[in-house]
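If you read the sequence shown in the working numbering, its first letter stands for residue 249, the second for the next number, and so on.
Each residue gets a CB set at the ideal place from its N, CA and C atoms; glycine is no exception.
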Amino acid sequence: MVEHESNPDELKRSLQEYQTRRIYKTYRDFETRPEYRPLVHFFLEEIYGPKDFSFRNHSIKTLHHKLKGILKGDIIEGVGRVIELHDLSEQLDRQLLARMAEAGIRPPITAEVYEQFYRECDNYEERVQQIRLLLEATRHIHRISRFPFVGLSLKVVKGAASLAGYGEIMDFLYKGYQAFHSVRNIQPFLEAVEERETAENDRIFGRTAASA
249 MVEHESNPDE
259 LKRSLQEYQT
269 RRIYKTYRDF
279 ETRPEYRPLV
289 HFFLEEIYGP
299 KDFSFRNHSI
309 KTLHHKLKGI
319 LKGDIIEGVG
329 RVIELHDLSE
339 QLDRQLLARM
349 AEAGIRPPIT
359 AEVYEQFYRE
369 CDNYEERVQQ
379 IRLLLEATRH
389 IHRISRFPFV
399 GLSLKVVKGA
409 ASLAGYGEIM
419 DFLYKGYQAF
429 HSVRNIQPFL
439 EAVEERETAE
449 NDRIFGRTAA
459 SA
């Protein structure tokens with residue numbers, strides 16, 4: 249007897265929920281530290297949370313183009329890095345979800361199911377690139393969040409952007425600014441991300457230091 253196909257939106261939401269749980273578990277030690285807690289929550293709620301980000305991700309590209317002559321170059325470049333990371337992450341998630349859907353996987357997604365289909369996608373190098381982009385985007389956004397004019401620039405643009413229908417996007421950018429600005433020293437977090445995400449990727453693909 250053939251099982252009913254799972255709803256694509258439900259499967260995607262289940263994937264997001266799994267990713268959120270995994271990230272919280274991986275970075276729980278940083279979540280308990282007041283300096284890093286807003287940053288971890290930003291990643292959990294605004295980057296990997298179980299929400300439909302399609303409208304926001306599309307709109308942020310449009311806003312990025314329109315604000316090139318208004319905001320400072322560093323801010324625009326930082327947003328560009330985030331867009332690049334989002335595009336690659338979306339591509340990798342689509343590959344993963346497509347394989348799950350073909351196999352008739354239904355929510356909830358377990359660690360065993362996630363790792364099986366993650367491995368079957370056979371995209372180790374793309375996952376390595378995703379980690380590199382995550383590190384670059386985090387490092388770059390943190391650096392510009394320390395500039396005194398950034399918060400003011402976002403506040404100035406926020407009002408006009410809201411009137412133009414980009415309020416959700418500016419809320420996202422301002423939340424990101426506040427989360428990154430609260431961290432004085434980003435290096436411990438970056439080192440943890442590089443070490444832990446690389447180890448997780450290598451473990452799932454069965455890679456070792458010698459075979460990678």
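Minimum Cβ-Cβ distance from residue i to chain C less than 8 Å
{"i": "Asp277", "result": "Reference to chain C is not applicable here, since this structure consists of a single protein chain."}
Closest Cα partner of residue i within the set the options
{"i": "Arg455", "options": "Val376, Ala440 and Phe397", "result": "Val376"}
{"i": "Glu360", "options": "Asp341, Arg391, Glu283 and Ile452", "result": "Ile452"}
{"i": "Gln364", "options": "Ile389, Gln343 and Glu332", "result": "Gln343"}
{"i": "Glu283", "options": "Pro436, Tyr362, Glu332 and Val441", "result": "Pro436"}
{"i": "Asp419", "options": "Arg281, His390, Glu293 and Asp335", "result": "Glu293"}
{"i": "Tyr362", "options": "Leu340, Tyr425 and Ile379", "result": "Leu340"}
{"i": "Gln378", "options": "Thr274, Arg270, Lys273 and Asn449", "result": "Asn449"}
{"i": "Ile271", "options": "Thr280, Pro256 and Val288", "result": "Val288"}
{"i": "Arg380", "options": "Leu336, Ala427, Gln267 and Ile357", "result": "Leu336"}
{"i": "Phe397", "options": "Asp370, Tyr425 and Asn371", "result": "Tyr425"}
{"i": "Pro504", "options": "Ser430, Ile357, Leu421 and Val431", "result": "The chain is shown only over 249 to 460; residue 504 falls outside these bounds and no answer can be derived."}
{"i": "Arg285", "options": "Lys273, Leu438, Gln264 and Ser430", "result": "Ser430"}
{"i": "Leu421", "options": "Glu338, Leu402 and Glu439", "result": "Leu402"}
Cβ-based burial, residue i [other Cβ within 10 Å; buried from 16]
{"i": "Glu373", "result": "exposed"}
{"i": "Ile385", "result": "Rather than Ile, the amino acid found at residue 385 in this sequence is Ala. Buried is the call here."}
{"i": "Leu400", "result": "exposed"}
{"i": "Val404", "result": "exposed"}
Contacts around residue i, its chain only, beta-carbon distance under 6 Å, and the 5 residues preceding and following it disregarded
{"i": "Phe395", "result": "none"}
{"i": "His390", "result": "Phe428 and Ile434"}
Same chain only: Cβ atoms within 8 Å of residue i, ignoring 5 sequence neighbours per side
{"i": "Arg367", "result": "Ile452, Phe453 and Gly454"}
{"i": "Leu382", "result": "Leu333, Val441 and Glu445"}
{"i": "Lys423", "result": "Phe290 and Glu294"}
{"i": "Pro355", "result": "Ser254, Glu258, Leu259, Arg261 and Ser262"}
{"i": "Glu279", "result": "Tyr272, Arg285, Val288 and His289"}
{"i": "Leu438", "result": "Leu383, Thr386 and Arg387"}
Rounded Cβ spacing between residue i and residue j (contact assumed at less than 8 Å)
{"i": "Ala346", "j": "Leu259", "result": "Not really, about 10 Å apart at Cβ, beyond 8 Å."}
Cβ shell of residue i (< 7 Å), same chain only, five flanking positions each side left out
{"i": "Ala460", "result": "A caution first: Ala460 carries a pLDDT of 48, below 50, which makes its placement in the model unreliable, though a value can still be read off. Only Asp450 meet the Cβ criterion."}
{"i": "Asn371", "result": "Leu340 and Gln343"}
{"i": "Thr274", "result": "Arg444"}
{"i": "Tyr296", "result": "Gln264, Gln267, Thr268 and Ile271"}
{"i": "Asp277", "result": "none"}
{"i": "Cys369", "result": "Gln343, Leu344 and Arg347"}
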